[in-house]
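Quick notes on the structure that follows.
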Amino acid sequence: MSGNRRENFYIVITTFNRQDYLAQLFDSIAALDPAPDGVVVVDNASTDGTAAVIDKAAAQLAALGTPIPLVVHRLAENAGGAGGFSAGVDRALAEGAQWLWLMDDDVTTVPGAIAAFGPWMDKYDAMVGRRYNSAGQPFFWQHNFSDFLGFPLPVPGDVFKNSNEFATNVGCFEGMLLHADAVAEVGLPDPRFFLNWDDAIYGWLISLQRPVIYVNAFVLQKTREQRTIDLGIRHLNDSSDLSRFYMMRNRGLVAQYLRAKGKYNPAGFALGTALTAGKELLRLAAVEKTLRGSGKLLKGWRESRRIMADAAWQPMPPLDRTR
Numbered sequence: 001m002s003g004n005r006r007e008n009f010y011i012v013i014t015t016f017n018r019q020d021y022l023a024q025l026f027d028s029i030a031a032l033d034p035a036p037d038g039v040v041v042v043d044n045a046s047t048d049g050t051a052a053v054i055d056k057a058a059a060q061l062a063a064l065g066t067p068i069p070l071v072v073h074r075l076a077e078n079a080g081g082a083g084g085f086s087a088g089v090d091r092a093l094a095e096g097a098q099w100l101w102l103m104d105d106d107v108t109t110v111p112g113a114i115a116a117f118g119p120w121m122d123k124y125d126a127m128v129g130r131r132y133n134s135a136g137q138p139f140f141w142q143h144n145f146s147d148f149l150g151f152p153l154p155v156p157g158d159v160f161k162n163s164n165e166f167a168t169n170v171g172c173f174e175g176m177l178l179h180a181d182a183v184a185e186v187g188l189p190d191p192r193f194f195l196n197w198d199d200a201i202y203g204w205l206i207s208l209q210r211p212v213i214y215v216n217a218f219v220l221q222k223t224r225e226q227r228t229i230d231l232g233i234r235h236l237n238d239s240s241d242l243s244r245f246y247m248m249r250n251r252g253l254v255a256q257y258l259r260a261k262g263k264y265n266p267a268g269f270a271l272g273t274a275l276t277a278g279k280e281l282l283r284l285a286a287v288e289k290t291l292r293g294s295g296k297l298l299k300g301w302r303e304s305r306r307i308m309a310d311a312a313w314q315p316m317p318p319l320d321r322t323r
């Protein structure tokens, strides 16, 4: 991992009340070979034993043959995944990060993951590696964002049949690797999303400026088990009422970003919103075996209309590289 394009590789983690999963993630980071140059963990105002887990991990990483610095960024209140990654990316850049590998707290890293990214790090500034699910099976993640619908469409089939890279235009903060140049151009992840759509739109924004690549290298494994069904063209996992609310509420933010980039089509977006609601209703009925929670979808949709009506809304600004 030598050369200018391989320096200052940081892992950025957002965590909230998952101390046991977080401990497993830190154990896997300690086993990475090669190791990262640093780790930034954003504690989203956890109320369990997360602080103690982080303190133990800091000592563990500092005691390695080549110590790995652990930077802790604690938030005063829970800002959601979107707010956590926004703060984490900002802090990692302040620490001098050139590469930022973003991940949730309920995954573990594959020991050779950083080297596995190597073949693409000289060519691209934004990439997503492959993941295993909690059972050790490949997790389906291959989408393209439709500007017309404002909705990510799954791409069926083996996207790596003829190549080890697949051009996409969405992101996933569960394993997305970003170069500081890509971040500077589009700005920090938007904390206003709180939960859902933040990574998809962030990847889309980057794709308008430079390639975003899904690479044929397994780099993470999910540790949290979820109920799921296989629809053939994609998987559907279980969810929560909070997630359902933000899935629909954040359609307003998606619309605003489409408008900001001159890509908004009212009829297409309305269809995409209907598809979003239909997907969430299917998730409730088929995965969670209930329709309780559908009211959260309606509440979120109403809130999305308020966001869409905000004439003063502005996207996140590019970063000032001179700061």
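Residue 1 is where the sequence shown starts when you use full-length UniProt numbering, and the numbers rise one by one after that. Built from N, CA and C at the ideal position, the CB exists for glycine as well.
Backbone secondary structure at residue i - three-state DSSP
i, result
"Val183", "helix"
"Glu280", "helix"
"Gln221", "strand"
"Ser2", "Low per-residue confidence applies at Ser2: pLDDT is 40, beneath 50, and the placement is therefore not dependable, though the value from the model is reported in the following sentence. DSSP places Ser2 in coil when its eight states are reduced to three."
"Thr168", "strand"
"Asp241", "helix"
"Phe160", "coil"
"Thr273", "helix"
"Tyr214", "strand"
"Asp310", "coil"
"Pro266", "helix"
"Pro191", "helix"
"Met248", "helix"
"Leu236", "strand"
"Asp320", "coil"
"Leu153", "strand"
"Leu297", "helix"
"Leu178", "strand"
Close Cβ partners of residue i (< 8 angstroms) along its chain, the five nearest in sequence each way excluded
i, result
"Thr66", "Ala35"
"Ser134", "Gln221, Lys222, Thr223, Arg224, Glu225, Gln226"
"Met1", "With a pLDDT of only 38 at Met1, under 50, the local geometry of the prediction cannot be trusted, and no value is derived from it."
"Asn162", "none"
"Glu192", "Residue identity check: residue 192 is Arg in the sequence provided, not Glu. Cβ within range, chain order: Ala82, Leu253."
"Arg292", "Leu284"
"Trp313", "Gln256, Ile307"
"Ala180", "Leu93, Ala97, Gln98, Trp99, Leu100"
Residues near residue i by beta carbon distance below 7 angstroms, same chain, minus five either side
i, result
"Gln60", "Phe26, Ala30"
"Thr50", "Thr15, Asn17, Gln19, Leu22, Asp43"
"Lys289", "none"
"Asp90", "Leu188"
"Lys299", "Phe245"
"Gly112", "Asp33"
"Ala57", "Phe26, Leu70"
"Leu208", "Lys261"
Residue i vs residue j beta-carbon contact at 8 angstroms
i, j, result
"residue 349", "Phe160", "Absent from the structure is residue 349, since the part of the chain shown begins at 1 and ends at 323."
"Tyr257", "Pro317", "no"
"Asp105", "Thr14", "yes"
"residue 326", "Val212", "Because residue 326 is not part of the residues shown, which for the chain are 1 to 323, the question remains open."
"Gly252", "Ile307", "yes"
"Asn38", "Ile68", "One detail in the question is off: residue 38 reads as Gly in this sequence, not Asn. Yes."
"Arg210", "Ala126", "yes"
"residue 324", "Arg249", "Outside the shown range of the chain, which is 1 to 323, sits residue 324, and nothing can be said about it."
"Phe173", "Gly83", "no"
"Val71", "Ile54", "no"
"Leu32", "Thr108", "no"
"Glu165", "Trp120", "yes"
"Phe151", "Leu275", "yes"
"Thr168", "Tyr124", "no"
"Leu199", "Met176", "For clarity, residue 199 is Asp in the given sequence; the question names Leu instead. In contact: Asp199 and Met176 (Cβ atoms closer than 8 angstroms)."
Supposed contact pair residue j and residue i - C-beta distance, whole angstroms, cut 8 angstroms
i, j, result
"Gly129", "Val219", "3 angstroms"
"Leu149", "Phe269", "7 angstroms"
"Val170", "Phe145", "5 angstroms"
"Ser86", "Asp190", "7 angstroms"
"Glu280", "Arg244", "6 angstroms"
"Val155", "Gln142", "5 angstroms"
"Leu319", "Ala184", "4 angstroms"
"Gly139", "Tyr132", "A small correction: the amino acid at residue 139 is Phe; Gly does not occupy that position in the sequence shown. 6 angstroms between Cβ atoms; contact."
Own chain, CB closer than 6 angstroms to residue i, minus 5 neighbours either side, in chain order
i, result
"Thr228", "His235, Asn237"
"Glu7", "Gln98"
"Asn265", "Phe148"
"Ala286", "Ile229"
"Lys296", "Asp241, Arg244, Phe245"
"Ala92", "Tyr10, Val12, Val40, Leu100"
"Thr273", "Arg251"
CB contact below 8 angstroms: residue i versus chain B
i, result
"Pro189", "The structure shown contains no chain B, having only a single protein chain."
Heavy atom of the ligand ATP within 7 angstroms of residue i beta-carbon
i, result
"Lys123", "The ligand content of the structure shown is nil, which means the ligand ATP is not present either."
Exercise for review: Please list the segments of the beta strand (DSSP E) lying wholly inside the UniProt domain "Glycosyltransferase 2-like" (11 to 151), counting only runs of 3 or more residues, in order along the chain.
Suggested key: 38 to 43, 70 to 74, 99 to 104, 107 to 109, 126 to 132, 143 to 146
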